[in-house]
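Read the structure below first, then the notes.
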Ligand code: HPA
């Protein structure tokens, strides 16, 4: 079964032929909302809205552990995470879709591991390649097939939020090698790896990052919403393609 985590702009998945919704409790608390089960084409899918159905949970308060645990315990064998990001790299302007290949984590104070200590040996997971290459390639192959351009590879800087960054912070992220910036990439990807669930992200660039492009003097939220809305139609086509693959 395919798990889809929807971010900003994707709180519902209209292409999902819903069979039922389930309120799942986990040892880590409740996920962001009920899990929605159904089918896209002939593929079983379960969907969860990362920020809650009404988009009320900010990035630093998302219960990432509960979301990943709930998906895994529901039998999910692959996760596609959809997330909106700011573009730093020159070719990744608003409206671009990108499947990142690397992460730099700047978040803090989040519950970022299932290892709570004391009840077993310490385990250090390998995270050299934070995204599952099979799922990432599937996204790229399918996007080609359905005619939607998805950039292959980017370094995703995960910031704490919920505020956006300063221009100097984006300069620093760029010096660190970041191509895109978002607030939810971690600990989500690390938790999926801890539970051994193959996970990849399909990122939607909703705006130029602070100090870049038309965000050189501030980020305009009205154009951000519009870019997100348009790009989500393309995301849906890629997801439909994945479900037919
Ligand atoms: N910064 C951080 N997170 C984001 C951005 C941004 O510019 N755009 C969308 N999510």
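In the numbering used here, the protein residues as written are 871 to 1115. By construction, the Cβ of each residue, glycine as well, lies at the ideal position given by its N, Cα and C atoms.
C-beta atoms of residue i and residue j nearer than 7 Å
i            : j            : result
residue 892  : residue 872  : no
residue 920  : residue 877  : yes
residue 1108 : residue 1003 : no
residue 1097 : residue 965  : yes
residue 899  : residue 1113 : no
residue 934  : residue 1057 : yes
residue 958  : residue 1079 : yes
residue 1061 : residue 1009 : no
residue 1006 : residue 1070 : yes
residue 890  : residue 907  : yes
residue 1111 : residue 1020 : no
Cβ distance (whole Å) where residue i is taken to contact residue j below 8 Å
i            : j            : result
residue 1048 : residue 974  : 6 Å
residue 1099 : residue 879  : 6 Å
residue 918  : residue 941  : 7 Å
residue 1040 : residue 1082 : 7 Å
residue 916  : residue 944  : 6 Å
Selection from the options that minimises the alpha carbon distance to residue i
i            : options                 : result
residue 1000 : 916, 1065 and 957       : 1065
residue 928  : 1032, 1042 and 1028     : 1032
residue 997  : 963, 1067, 960 and 895  : 1067
residue 984  : 897, 971, 1115 and 874  : 897
residue 1075 : 890, 1024, 945 and 1007 : 1024
residue 981  : 1011, 1030 and 1022     : 1030
residue 947  : 956, 1063 and 1038      : 1063
residue 938  : 1021, 955, 885 and 901  : 901
**Message:** Strictly closer than 6 Å from CB to any heavy atom of the ligand HPA: give me those residues in the order they appear in the chain.
**Reply:** 954, 955, 956, 1029, 1034, 1035, 1051, 1052, 1053, 1076, 1077 and 1079
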